[in-house]
Structure formats: C-alpha cells, structure tokens
Amino acid sequence: MTDGPILREDDTCWRREKAGRLAVIIDAENYFTHVQQAILQARHSILLIGWDFDARIKLNRNPGDAVSIDPLGRLLSHVVRHRPDLHVHVLRWDIGFLRLPFRGSTPFFLLNLLASRRLHFRIDSHHPADGCCHQKILVVDDAIAFCGGIDISDNRWDTRAHRDHDPRRVSSRGTPYRPWHDATTAMDGGAARALGELGRARWHVATGQHVTPPPPGIDLWPKDLVPQFCGVSVAIARTEPAFAGDPGVREVEALTLAAIAAARRTIYVENQYFAAHRIAAALQARLVEADGPEVVIVAPRRADGWLSEQVMGSARAILLKILQDADRNGRLRFYTPVTDEGHDIYVHAKVLIVDDRLLRIGSSNFNNRSMGLDTECDIAIEAAPDGDEAMRREILRTRDGLLAEHLGVAESVLQEALAAAGGSLVATLDRLVRPTGRSLRPFVSPPLGAVERTLAETHLLDPDHPESMDEAFTHTRRVLRPALPYALSAASLTLATILFFGRIRRRITSRR
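Letter by letter, the sequence shown follows residues -7 to 504 in our numbering.
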C-alpha cells in the first residue's frame, strides 16, 4: 500500500480539469439515448473518435418515444442540414490488419462521397501496423463529452436488465446478438473542453487538418441524465504508442499500477480481458500481503472471437492461476455474469474502483496492448483523503449498482449484505452469488494445450510496444515448429502473412 495522491499530472494522467457535472452511464441503451439528445442540440461541432462507427445503428429502440430520428447516419445528416454552422467530424480506426476492409455496410469512402461538405469522415491510420486506435470519445460543442468503453457501433445496444430474449437487441440487419454489458461517462465544463482538445489533436495527427474549436457558452446537458458527481476534478489518462518519432505515453498503465498500490480494502474490476502481465504482478503482490485488499474481477467467460480467446483467454488462464496461488488469505474472486436462463453476458466495460476513493472508466483493457501499443483514453476521479464524503458515497454506489445489476438483486439487498459482512465485499458476494438464475458465476479456466500456452507466454498479438510483435512471433515459431502438424504450420504461415502485409501496408500509407 502506498500513500499520496493517485492522480498526478504528467505521471498517472495528462490533465485534471473541473467538471460541473459528471455522470456514469451503464449500458448502451442509456448511452445511445443521451448521445441522440446531445446530437440533436448541437450547434457548432460534433467530434467522434472511435475504434468503430456504424451509421446504420438505431440509437433509440423504444417505439413509444415521441422524438427519434434513426438510424445514426440519418440523424447526423438531419442536424447538419438544419444547422448551417454545424460541422461533424468522425474519425475511425482504419480497420487494422486483422479485420475485413468492408466490415459493416457502406465503406467509409462512399459515405464521404455521399455526405454533406460539413460531414467529415476520416480513417485513422496513424498508428503502428500492429496497433489500433481504441479511444471512444464523443464531444459536442465542447459543452458535453462522453468518454468510456462503448463504441457507437452495431451489436452494442443492451439494457441493464440483459434480458434473454429482448426483441430490440438485434443488429442493423435484424440478427439477434448476445447480452452485452458496457460503461461510459458524460461530463461538462473544463473536462469536456479538454477532451475536445484531445480529439482535435488526434484529428490533426491522423489527417493533417486543423479543426476550429467551437465557441463557448452552451449548456447541452441531457435533461434526463442525472449527474452523480458535481464540481469534481476529472483526470484524463492516455495510452499513445511510440511511433513516428513520438516517444509514446503510458499514463493508463501508470494509473492502474498506482491505484492497485494505493488500495486499502477493495479493488473492483470490470474488464473485457485479463492479460496484462504488469497488472497481474501488481495484484499478485497485494494478494500476498497479510492484510491486503480484497480483489473482485468481473469479466466475460470467453473472449470475443476464436483468435482473441486463443490469445487473451489463454493469457487470462495463466495469470489467474498465478493470482490464485498468491491468494493465501482468500481475498480473490473472479466472476462472469449470466442471464436469468444462464447464458453468458459479454463484459465489454472497462471499470476500476478502488475503495471509496478512486473511480476510473475508459477504453483501456487489462491487456498488454492497452498499456503501450494501442491509443486509449480513460477518465478518473479521486476523493481527497480528508473529505469529499459525498464523492466517496457515490463511488461506492457506482460499484454497488454494478454488482447489484450482475447479481440480479436490488441495491438495498446488496448494501444490507455488505453491512452484515462488516463491509467485506468477498463475504457479501459469497453470500449473494447463486448457482441458478441471473447472477455471477465463479470463473473456471479451461485447460491449456502447448499452443495456447505458448501464444499467451510470448504475448503474440498482445504486445505492449510496437516492436514486440515481431519478436514474439519469431519466438513462437521457433518454439512450436518441432511439434506442430502441417495444419498448424499452415495457420502460422497465414498469420505470418497477415503480419507481413500489415507492415507493408503501413510503409505504403506512411508515404502518402
């Protein structure tokens, strides 16, 4: 355990700026509703920086609502057509070397041809060939900003109920998809302006074009969005890879390690992955302590897709075993959420809550690439050690609300159980977790073969800096070659080809 502030500019965060209002938004039903309201009120600027963006999605899926202009592409065209001073800038990752170039419906270059001159769509390829632009930021008029883990994309919408057969949870093509849990934030004031500045800087890096900041003085806070925090200092933490002469930024990693080191009673995590070796080592060190914090992690049962499961899932199994071996005092719990019928809920949220002191939500995963290879943006708030009682209560309410959602119980039930357990989160969960129905299930790692173990241990496809993927692939090929059958050798050759042409593509596009 360490003393002193967790949030430190030029170390664990880039900037700290005041927000008059800050709200935590859980799941995309709520997020998309507030996004639609903010877009409809925009006067000068809509700036969206995203890993993915899909103009086909419906933001509002409640047919009884009076005002709803969907899908998203139609909404953006509508506001631009009716607001002569409004410019919309959308910057999306260039799809990367492992994704199909025509994923979704209309390719971006066609969107750009069809769009208004004040609708600007661009592809962000200013990153290492094996990296991606993973930030999820929306800023409207520098008056309100959203930052977190929710992509404004297909297959993201869901409610906090995560019903098994919700007819609204379908893709833009009408195909049902699995329950999806996610989280983001909304803020105004100086924090929103700082995120606008960050987004415009990213646009300039990616396109070479400058975006003029909007004039100040507009209040666009959605009328139905209740802020949990008022007059709070918001920290912005980034990951930027070392690339094209820039040294890189690792504030997200520094913040994560500092938060783990500062924890006294509880560390609560929701994350899509658990594969970052430095984070695992930090948690291991706290679990070994005789009087260290309880650690509760909520994650999906399987990673999203076969390749991610082979890499991220295998790494999770190895690192979780290390933590379990260190947990001599029974303070570790690792869960996956399920629906009423026992189906998996996919956890895409990236949440870290330490005691009643720190709340962080963002785009960064607990994997190596989020620490130093991909472009990430998280926000965090920290309660002062000698006060901020209201903030401390709201931080705990955020944590308890998430756990109540996963357990399928009322918040009051969770809080009564916490009080009966003397504040022990682990003891509370041991009492409330159920073997049937909507609840959390203890995670059980699947057995790993030689291939999965080697992929995880070499960090192939999950490097923490731009150069390390080539190193990892070379080592993996050397280790596996004697034992692999022809089919796996062919798969390795395919992967090598993907990696090679990814780097060739980077060299070509860098000369444009």
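Yeah, the Cβ is synthetic: ideal placement off N, Cα and C, and Gly gets one too.
Since the model is a prediction, treat every value here as computed from it, not as a measurement.
Own chain residues within Cβ distance below 6 angstroms of residue i, not counting five before or after
{"i": "Leu247", "result": "Thr4, Ala229"}
{"i": "Tyr23", "result": "Ile17, Ile142, Thr176"}
{"i": "Leu102", "result": "Caution is warranted here: a pLDDT of 48 is assigned to Leu102, below 50, making its placement in the model unreliable, and the coordinate value is therefore given only provisionally. Around Leu102: no qualifying Cβ."}
{"i": "Ala318", "result": "Gln276, Leu279, Val280"}
{"i": "Arg352", "result": "Leu344, Asp370, Ala372"}
{"i": "Glu397", "result": "Arg152"}
{"i": "Arg257", "result": "Pro285, Asp347"}
{"i": "Arg53", "result": "Arg160"}
{"i": "Ala227", "result": "Leu(-1), Cys5, Arg8, Ala372"}
{"i": "Cys423", "result": "Contrary to the premise, residue 423 reads as Arg rather than Cys in this sequence. Within the same chain, Arg423 has close Cβ partners Ala409."}
{"i": "Arg293", "result": "Thr328, Asp336"}
Proximity below 9 angstroms, CB of residue i to CB of residue j
{"i": "Pro206", "j": "Gly188", "result": "yes"}
{"i": "Ile38", "j": "Trp85", "result": "no"}
{"i": "Val244", "j": "Asp370", "result": "yes"}
{"i": "Val343", "j": "Pro329", "result": "no"}
{"i": "Asp216", "j": "Thr25", "result": "yes"}
{"i": "Asp150", "j": "His173", "result": "yes"}
{"i": "Leu410", "j": "Leu417", "result": "yes"}
{"i": "Ile373", "j": "Leu388", "result": "no"}
{"i": "Gly354", "j": "Gly140", "result": "yes"}
{"i": "Ala274", "j": "Ile289", "result": "no"}
{"i": "Ala184", "j": "Ala135", "result": "yes"}
{"i": "Pro434", "j": "Phe326", "result": "yes"}
{"i": "Ala412", "j": "Leu212", "result": "no"}
{"i": "Ile61", "j": "Gln29", "result": "no"}
{"i": "His118", "j": "Val197", "result": "yes"}
{"i": "Pro159", "j": "Leu14", "result": "no"}
{"i": "Val287", "j": "Asp454", "result": "no"}
{"i": "Pro120", "j": "Pro458", "result": "yes"}
{"i": "Ala178", "j": "Phe138", "result": "yes"}
Per-residue DSSP class, three states only, for residue i
{"i": "Glu286", "result": "strand"}
{"i": "Phe113", "result": "strand"}
{"i": "Arg78", "result": "Note that residue 78 corresponds to Leu in the displayed sequence, not to Arg. Three-state result, Leu78: coil."}
{"i": "Val425", "result": "coil"}
{"i": "Val436", "result": "coil"}
{"i": "Ala255", "result": "coil"}
{"i": "Gly494", "result": "Its pLDDT being 48, under 50, Gly494 is placed unreliably by the model, and nothing is read from it."}
{"i": "Arg325", "result": "strand"}
{"i": "Leu315", "result": "helix"}
{"i": "Ile310", "result": "helix"}
{"i": "Ala153", "result": "coil"}
{"i": "Val162", "result": "strand"}
{"i": "Asp2", "result": "coil"}
{"i": "Ala372", "result": "strand"}
{"i": "Thr489", "result": "Any reading at Thr489 must be qualified, since the residue scores a pLDDT of 44, below 50, and its modelled position is unreliable; the value itself is stated next. Looking at Thr489 - three-state DSSP - the assignment turns out to be helix."}
{"i": "Ser300", "result": "helix"}
{"i": "Asp336", "result": "strand"}
{"i": "His261", "result": "Before going further, note that residue 261 is Val rather than His in the sequence given. Three-state result, Val261: strand."}
{"i": "Arg504", "result": "Reliability fails at Arg504, whose pLDDT of 37 lies under 50, so the model's placement of it is uncertain and no value is given."}
Integer Cβ distance of residue i from residue j, believed to fall under 8 angstroms
{"i": "Leu78", "j": "His36", "result": "6 angstroms"}
{"i": "Arg8", "j": "Ser225", "result": "5 angstroms"}
{"i": "Gly223", "j": "Lys10", "result": "7 angstroms"}
{"i": "Asn360", "j": "Asp456", "result": "4 angstroms"}
{"i": "Glu368", "j": "His126", "result": "5 angstroms"}
Cβ-based neighbour list, residue i, same chain, cut-off 7 angstroms, excluding 5 preceding and 5 following
{"i": "Gly191", "result": "Leu39, Ile41, Ile129, Val131"}
{"i": "Val72", "result": "Leu78, Val80, Ser108, Arg110, Leu111"}
{"i": "Asn357", "result": "Asn263, Gln264, Tyr265, Lys342"}
{"i": "Ile337", "result": "His154, Pro171, His173, Pro329, Val330, Thr331"}
{"i": "Arg348", "result": "In the sequence under discussion, the amino acid at residue 348 is Asp, which differs from the Arg named in the question. Excluding residues within five positions, the ones whose Cβ falls inside 7 angstroms are Ala375, Arg384, Ile387, Leu388."}
{"i": "Ala254", "result": "Met(-7), Thr(-6), Ile(-2), Val346"}
{"i": "Ala483", "result": "Any reading at Ala483 must be qualified, since the residue scores a pLDDT of 49, below 50, and its modelled position is unreliable; the value itself is stated next. None."}
{"i": "Ile314", "result": "Ala272, Gln276"}
{"i": "Phe45", "result": "Val82, Arg84, Ile144, Ser145"}
{"i": "Gln201", "result": "Trp195"}
{"i": "Gln316", "result": "Leu324"}
{"i": "Gly12", "result": "Asp180, Gly181, Cys222, Gly223"}
Chain-order list of residues whose beta-carbon lies under 8 angstroms from that of residue i (same chain, five-residue window excluded)
{"i": "Leu92", "result": "Confidence at Leu92 is low in this model, with a pLDDT of 38, below 50, so the placement of that residue should be treated as unreliable; the coordinate-derived value is given next. Cβ within range, chain order: n/a, list empty."}
{"i": "Glu333", "result": "Asp156"}
{"i": "His335", "result": "Asp156, Arg170, Pro171"}
Kindly provide the ranges of any beta strand (DSSP E) runs that are 3 or more residues long and lie completely inside the region 200 to 251, ordered along the chain. With a minimum length of 3 residues, the continuous beta strand (DSSP E) runs that stay inside the region 200 to 251 are 221 to 232.
Please go through the region 340 to 368 and give each complete alpha helix (DSSP H) segment of 4 or more residues, from N-terminal end onward. List check, alpha helix (DSSP H) in window: 360 to 364.
Runs of beta strand (DSSP E) wholly within the region 4 to 87 (minimum 3 residues, chain order): The region 4 to 87 contains these whole beta strand (DSSP E) runs: 7 to 18, 37 to 42, 79 to 85.
Whole beta strand (DSSP E) runs in the region 113 to 143 with 3 or more residues, listed along the chain? As far as the region 113 to 143 is concerned, its whole beta strand (DSSP E) runs of at least 3 residues are 128 to 132, 136 to 140.
Can you list the beta strand (DSSP E) stretches of 3 or more residues lying completely in the region 172 to 204, in chain order? The region 172 to 204 contains these whole beta strand (DSSP E) runs: 175 to 179.
For a minimum of 4 consecutive residues, which ranges assigned as the alpha helix (DSSP H) are wholly contained in the region 374 to 409? Correct list: 381 to 399.
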